[in-house]
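Working notes, structure below.
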Amino acid sequence: MNSPQRFSELPEYAFPRLRTLLGDRAPGGNAPIQMTIGDPRHAPPAMVGEVIARHTAKFMSYPPNDGAPELLSASAGWVSRRYGYAADPDTDILVLNGTREGLYNTSMALCPEAKNGQRPAILTPNPFYQVYAVASLSVGAEPVYLNATEETGHLPDYDAVDPALLDRTAIVYICSPANPQGATASLAYWSNLLRLAEKHDFIIFADECYAEIYRDKPPVGILEAVHATGTDPERVVAFHSLSKRSNLAGLRSGFAVSGPKNIARMKQLRAYAGAPLPLPLQMAAAEVWAEDTHVDANRALYAAKFDAARDILPNHHIPDAGFFLWLPVDDGEQATLRLWEQTGVKVLPGAYLARDTPAGNPGKTFIRAALVGPLDETIDGLTRLRDCLYS
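The numbers in full-length UniProt numbering rise by one with no breaks, and the one at position 100 of the sequence shown is 100.
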């Protein structure tokens, strides 16, 4: 199968679809409010500019492809503080130019050409982050979309998957806290998935980029489950980022944690296909990963907005984590159009984040609203949304 045929399976990306849907329709109401994109708008840590300035001369040097020692050490230190997991910075961590790179290239590095003599399958939650599907198709695997609905706790039900499919599964992508629903995996959930991975011999790619944006208690991470169950760390790759944790989406600092064999194979590919982060940015990222108080302050800003959401939308579920609301409607596209034309609030139809399956599109009767703006703007947007769609 050549690439043009392979990628013909991909739908148009969510945001171009939204632009097409809205077309030249004028926004109604007062000033438009953007609640579509998960682009953090809180202030980043004040130290970042100073650290970059202090290390400006390092722009003259090619950065190490695997990550500067300072950044690898800081990443390992954060993993230890957050999850109680001992990762060797030299062998168990790979610095990434944003986790999107890792979520894509790690499939290239670790997915086999065949599994038990068959085309490998890659299981993806539905709804999902679109790079999972692109990575699956790029390696010639069959992407299989597992609907994550209210009935399944907004996470895939792996126990319901046909064992024959699990036997040819090479990789399972899972996002916890989930984008867009904000559901979080428990220790029991992770442990069961690890058990299935051992039984059916697949690797879990755990996208945990929203792990530090939560309401009441920190979500359990897959590395905690690996430690608790004694699972071989080669069975997982965990991905983390500063984009949401520290409002540094533009810094492009992420990292992956796994066993030494997986990391070695990922490093080998990255030597050819990766784009290492410039050294001054790595130095800044190292100091940000080592500092936690700004994360507490950032989380408090989101907590205030979700408290407001509870008051404005008392009959709707407030997720455990993340910064999205996943709101039920009769039809996501129609609700998005109505909201834009009548109030000027822009949200994203849930169907644009999911794929059609024989059981339906799990996002069709939802919209996603991002609570990334200032508190007063968020209150205004949610009030307009409530009055338009739920009154």
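Every residue gets a Cβ at the ideal spot worked out from N, C-alpha and C, and that includes glycine.
Inspect the beta-carbon positions of Y302 and I174 and report whether they are closer than 7 Å. With contacts defined by Cβ atoms closer than 7 Å, Y302 and I174 do not form a contacting pair.
Out of curiosity, what's the CA-to-CA distance linking D320 and L327? A direct Cα-Cα distance of roughly 14 Å separates D320 from L327.
Give me, in chain order, the residues of the same chain whose beta-carbon lies closer than 8 Å to that of C388; leave out the 5 immediate sequence neighbours on both sides. Within the same chain, R338, L339, Q342, T343 and V345 come within 8 Å of C388 by CB-CB distance, once the 5 residues on both sides are set aside.
Which one of L281, A285 and L375 has the shortest CA to CA distance from residue 459? Shown here, the chain extends from 1 to 391; a query on residue 459 therefore has no answer.
Report the rounded CA-to-CA distance for L103 versus G274, giving the unit in angstroms. 12 Å
Applying the 10 Å Cβ sphere with the 16-neighbour rule, what's the burial state of T99? buried
Proximity to K199 [Cα-Cα], best of P180, G350 and P163: P163
Taking only the alpha-carbon atoms, compute the straight-line gap between K261 and E234 and give it to the nearest angstrom. 7 Å
Can you list the beta strand (DSSP E) stretches of 3 or more residues lying completely in the stretch 144 to 201, in chain order? 169 to 175
Decide if M1 is buried, meaning its Cβ has at least 16 other Cβ atoms within 10 Å, or exposed. Here the model assigns M1 a pLDDT of 41, short of 50, so the residue's position is not dependable and the matter cannot be decided.
Starting from F324 and walking both ways along the beta strand (DSSP E), at which residues does that stretch end? F324 to P328
Own chain, CB closer than 6 Å to T184, minus 5 neighbours either side, in chain order: S176, P177, P219, D320 and A321
By the 10 Å Cβ neighbour count, where 16 or more other Cβ atoms means buried, how is D88 classified, buried or exposed? Looking at its Cβ environment, which holds fewer than 16 other Cβ atoms inside 10 Å, D88 is exposed.
Only counting runs of 3 or more residues, tell me where the beta strand (DSSP E) segments fall wholly within the stretch 87 to 146, in order along the chain. 93 to 97 and 121 to 126
Could you give the residue range of the alpha helix (DSSP H) that holds G332? G332 to T343
Contacting residues, own chain, Cβ-Cβ under 6 Å from P276 (five flanking each side not counted): The beta carbon of P276 sits closer than 6 Å to those of P63 and N65, all from its chain and outside the five residues before and after it, given in chain order.
Chain B within 7 Å of R235, Cβ atoms only: Absence of chain B from the displayed structure is noted, only one protein chain being present.
What does D207 pair with, by DSSP beta-bridge criteria? Looking at the DSSP assignment, D207 forms a beta bridge with C175 and F239.
From the DSSP output, in three-state form, read off N2 for me. For N2, the predicted model reports a pLDDT of 45, less than 50, meaning its position is unreliable and no value from the coordinates is stated.
Range of the contiguous alpha helix (DSSP H) that encloses I263: P260 to A273
Given S61 as reference, the closest of L348, T336 and L279 once Cα atoms are compared: L279
Rounded to the nearest angstrom, how far is the Cβ of T357 from that of P349, given a contact under 8 Å? About 17 Å separates the Cβ atoms of T357 and P349, ruling out a contact at the 8 Å cut-off.
Could you check the C-alpha separation between A68 and L94 for me, to the nearest Å? 10 Å
One question on the structure: do V139 and L123 come within less than 7 Å of each other, judged by their Cβ atoms? no
For the putative contact between N105 and L325, defined by C-beta atoms under 8 Å, what is the C-beta separation to the nearest angstrom? About 32 Å; that fails the 8 Å criterion.
Find the nearest neighbour of A238 within the set Y83, L18, T20 and R19, judged by alpha-carbon distance. Y83
Quick check: the Cα distance between G254 and I204, rounded to an integer number of angstroms? Roughly 18 Å separates the two Cα atoms.
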